[in-house]
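Structure, as structure tokens:
Here is the structure:
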């Protein structure tokens, strides 16, 4: 399967919250932002995200593939509970982007580097 199609299938897996199927896309020894989480830790991180943000949905805004690398700009329009990235969002609807770089190994995500546009979220919140 072409890498772009594989990545789109991974995003579909996330949006369905198909946690048993996550191992089809993510390596057992996956790293996130330089920390080895392993598949169980990576799954726990995603489950926590969906618990904290009930209406979470991953939308691909931009996708660039140069095997074994993928770069994506993911777009979000959601209402996180309470604190999000240290900000008091408290169920306000926010929109933001995440820029993510992946390295695939044997058709699975081995490394992820992720940066969320926190400034875009801050700009949507009331000033204190």
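In our numbering, the protein residues as written are 22 to 149.
Yeah, the Cβ is synthetic: ideal placement off N, Cα and C, and Gly gets one too.
- In this model, residue 144 and residue 137 are separated by some 14 Å (Cα to Cα).
- Burial state of residue 141 is exposed, judged by a 10 Å Cβ sphere holding fewer than 16 other Cβ atoms.
- Of the other Cβ atoms in all chains shown, fewer than 16 fall within 10 Å of the Cβ of residue 106; this residue is therefore exposed.
- Residue 80 is bridged by DSSP to 96.
- With a cutoff of 9 Å on beta-carbon distance, residue 68 and residue 130 are scored as not near each other.
- In the structure shown, residue 141 falls within a helical segment according to DSSP collapsed to helix, strand and coil.
- Sequence-distant Cβ neighbours of residue 40 in its own chain, meaning closer than 7 Å and more than five residues away, are 64, 68.
- Beta-bridge pairing by DSSP links residue 86 to 91.
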